[in-house]
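In our numbering, the protein residues as written are 505 to 1082.
So the structure is just underneath, and the comments pick up after that.
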């Protein structure tokens, strides 16, 4: 034994092994830290560990043969062969690891992002109520959505958002297939019946890998607001315990909170929220949601979540161009502020206030609100998606795309989430990736006008003007009321050198049957036409009356024609001061 150790020391094998292990440990520690900060997939770290493990025996062999040179001739091609084997193994693992990260379009790969967390999809609840009983259907949908919201407060639990799971309402797929598509290990299914003065809820938690029932419960209670929230809270807490998710006392307290004691107020709120969760961009739906939230607040002025919902409804109306800043933003700010005065722990209120502050170009304050919203609801896909928009305005482009992808991890089938990612990729000038993600969005929803809009603009920015024009024309056919589509069509004509066509579209702004184009978008068209004086005239007008539309202008690639003009930098400085 001593002879063997002596030979190892003589050939310096032990010294090489100790040095290698120390260096590998330091490298993996540093890689783990960087991966956590930048949201890199765990598979990348696992790949590095495998490379390190493969490298150790290879290094020991090389050290042994190298040490043998004093008493034995070793041919160079033998060392080269050993080095080549190690290099092939290292490169193979390194190439394999990153392709399994968040940029992969395969939804099944999403499980790799959260392998260290229990994961869950709450399938839509069934109800025995007839299809025409809208009240019962909305009640069931509201309880389902509310449960997901409560579970998303638990940071150690990955919960798929409502938008994605709703696609499985009437599916014939089995639980293993659903779990694979959503990237989760467990699935909850159940039913809700509201009959007369009683509510009955039955649920079961299933391990989708082996179809094993982990937990089941049935509730049969009098129909009161207190009982509804008690059922919801008990479900969330029992699921967390069954999946062994860590529950801190403050999270448990927030899950058990009762937002209102008035059943009628909750019912009206549920109807308003239902309109919002449908993802509709139709003006009438958004305006109806505002009216319903106001009704809920009249029934219970202390209903913080209703105030938060009202703030979001106003922001949506403004974001779609249906209301001016003056008509919507003060109301959104007041509603969000009131919600937080009533209950500082309502994540949705922080999210709404962050949205208002971001629109008002108060970025530092907005970031604080977004981060607080994510702290209170780390599993809320919408919070990550909206935060990605703020990061874009701050020119933190990689972080912006990472946040957008994190939202998709939590809501992989959401058209809104995909739309957000497409927009961020366009603004970060990843045009090919934006087109690819837009194609994925069209697979989810073939007539999604926003997907066609972003795809068309991206194609124009890489010189594919005719394809871009075709996409924009189709987007306008699908949603003729959107004020952003016509100026985008005009921009593509201008970029393609088709001056008369671009000016003809601009001349139609606000005429009978056409939307009034945002001033900033008109400015960008004149910039593409080379009429910079007209472009800055419209930018100045936008600054005075539509300042919130200028949030992304510094990142907007369609503004490139203006950047060489010194007035653009001066304009950005003025925007930052106000």
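Ideal Cβ placement from N, Cα and C applies to all residues, glycine included.
Distance, residue j Cα to residue i Cα
{"i": "residue 1044", "j": "residue 1022", "result": "12 Å"}
{"i": "residue 808", "j": "residue 738", "result": "21 Å"}
{"i": "residue 900", "j": "residue 855", "result": "19 Å"}
{"i": "residue 542", "j": "residue 905", "result": "Low local confidence applies: a pLDDT of 42 at residue 542 is under 50, so the model's placement there is unreliable, with the coordinate-based value given in what follows. Straight-line Cα distance between these residues: approximately 11 Å."}
{"i": "residue 458", "j": "residue 857", "result": "With the chain covering 505 to 1082 only, the question about residue 458 has no answer from this structure."}
{"i": "residue 866", "j": "residue 745", "result": "40 Å"}
{"i": "residue 1070", "j": "residue 993", "result": "27 Å"}
{"i": "residue 632", "j": "residue 965", "result": "52 Å"}
{"i": "residue 836", "j": "residue 815", "result": "4 Å"}
{"i": "residue 615", "j": "residue 684", "result": "Since pLDDT at residue 615 reaches only 34, below the 50 mark, its modelled position is unreliable, and no value is offered."}
{"i": "residue 1055", "j": "residue 1026", "result": "16 Å"}
{"i": "residue 931", "j": "residue 771", "result": "40 Å"}
{"i": "residue 662", "j": "residue 996", "result": "41 Å"}
{"i": "residue 819", "j": "residue 832", "result": "7 Å"}
{"i": "residue 829", "j": "residue 943", "result": "32 Å"}
{"i": "residue 1075", "j": "residue 621", "result": "47 Å"}
{"i": "residue 537", "j": "residue 787", "result": "For residue 537, the pLDDT reaches just 47, beneath the cut-off of 50, and the residue's location in the model is therefore unreliable, although a value from the coordinates is still provided. Each residue's alpha carbon lies about 46 Å from the other."}
{"i": "residue 877", "j": "residue 946", "result": "30 Å"}
{"i": "residue 1000", "j": "residue 967", "result": "8 Å"}
{"i": "residue 743", "j": "residue 735", "result": "12 Å"}
{"i": "residue 1066", "j": "residue 1020", "result": "23 Å"}
{"i": "residue 640", "j": "residue 1003", "result": "56 Å"}
{"i": "residue 850", "j": "residue 885", "result": "16 Å"}
{"i": "residue 974", "j": "residue 940", "result": "17 Å"}
{"i": "residue 853", "j": "residue 681", "result": "36 Å"}
{"i": "residue 672", "j": "residue 688", "result": "14 Å"}
{"i": "residue 1051", "j": "residue 657", "result": "34 Å"}
{"i": "residue 1083", "j": "residue 670", "result": "Since the displayed the chain opens at 505 and closes at 1082, residue 1083 lies outside it and no answer follows."}
{"i": "residue 825", "j": "residue 936", "result": "28 Å"}
{"i": "residue 998", "j": "residue 970", "result": "12 Å"}
{"i": "residue 803", "j": "residue 768", "result": "7 Å"}
{"i": "residue 795", "j": "residue 668", "result": "27 Å"}
{"i": "residue 887", "j": "residue 928", "result": "15 Å"}
{"i": "residue 793", "j": "residue 823", "result": "15 Å"}
{"i": "residue 912", "j": "residue 879", "result": "18 Å"}
{"i": "residue 1090", "j": "residue 864", "result": "The structure shown does not extend to residue 1090, since the chain is modelled only from 505 through 1082, so no value can be given for it."}
{"i": "residue 956", "j": "residue 976", "result": "6 Å"}
{"i": "residue 1041", "j": "residue 1053", "result": "15 Å"}
{"i": "residue 1033", "j": "residue 963", "result": "18 Å"}
{"i": "residue 902", "j": "residue 933", "result": "11 Å"}
{"i": "residue 1031", "j": "residue 1038", "result": "8 Å"}
Residues that DSSP places opposite residue i in a beta bridge
{"i": "residue 623", "result": "662"}
{"i": "residue 723", "result": "705"}
{"i": "residue 697", "result": "704"}
{"i": "residue 692", "result": "626, 709"}
{"i": "residue 716", "result": "711"}
Integer-rounded CB distance, given that residue j should sit under 8 Å from residue i
{"i": "residue 1049", "j": "residue 1028", "result": "Actually they are not in contact, since the Cβ atoms of residue 1049 and residue 1028 sit about 17 Å apart, beyond 8 Å."}
{"i": "residue 1009", "j": "residue 990", "result": "6 Å"}
{"i": "residue 870", "j": "residue 892", "result": "At roughly 12 Å, the Cβ-Cβ gap does not stay under 8 Å, so residue 870 and residue 892 are not in contact."}
{"i": "residue 702", "j": "residue 643", "result": "About 12 Å separates the two Cβ atoms, so there is no contact after all."}
{"i": "residue 846", "j": "residue 789", "result": "Actually they do not touch by this definition, with Cβ atoms about 26 Å apart."}
{"i": "residue 690", "j": "residue 747", "result": "6 Å"}
{"i": "residue 914", "j": "residue 883", "result": "6 Å"}
{"i": "residue 1059", "j": "residue 897", "result": "7 Å"}
{"i": "residue 692", "j": "residue 709", "result": "5 Å"}
Near the ligand ZN: residue i beta-carbon under 8 Å from a heavy atom
{"i": "residue 915", "result": "The ligand ZN is not among the ligands present in this structure, which contains no ligands whatsoever."}
Residue-level contact to chain B via CB, residue i, 9 Å cutoff
{"i": "residue 943", "result": "Considering every chain present, this structure includes no chain B. It has just one protein chain."}
Does the segment 708 to 725 come into contact with the segment 639 to 651, if we say contact requires no fewer than three beta-carbon pairs (one atom in each stretch) closer than 8 Å?
no
What runs of the alpha helix (DSSP H), each 4 residues or longer, lie entirely inside the segment 745 to 821?
753 to 759, 767 to 781, 787 to 803
Decide if the segment 952 to 965 is in contact with the segment 980 to 990; the criterion is three or more beta carbon pairs, one per stretch, under 8 Å apart.
yes
Could you tell me whether the segment 758 to 773 touches the segment 621 to 630, where touching means 3 or more Cβ pairs closer than 8 Å?
no
Stretch-stretch touch, CB-based, cutoff 8 Å, three pairs: the segment 841 to 856 with the segment 811 to 827:
yes
Cβ pair count under 8 Å reaching 3, the segment 761 to 770 against the segment 718 to 730:
yes
Mind listing, in chain order, the continuous alpha helix (DSSP H) runs of no fewer than 4 residues lying wholly within the segment 936 to 979?
953 to 965
Counting only runs of 4+ residues fully inside the segment 878 to 915, write out the alpha helix (DSSP H) ranges in chain order.
885 to 897, 901 to 914
At 4 residues or longer, what runs of the alpha helix (DSSP H) sit wholly inside the segment 836 to 864?
851 to 863
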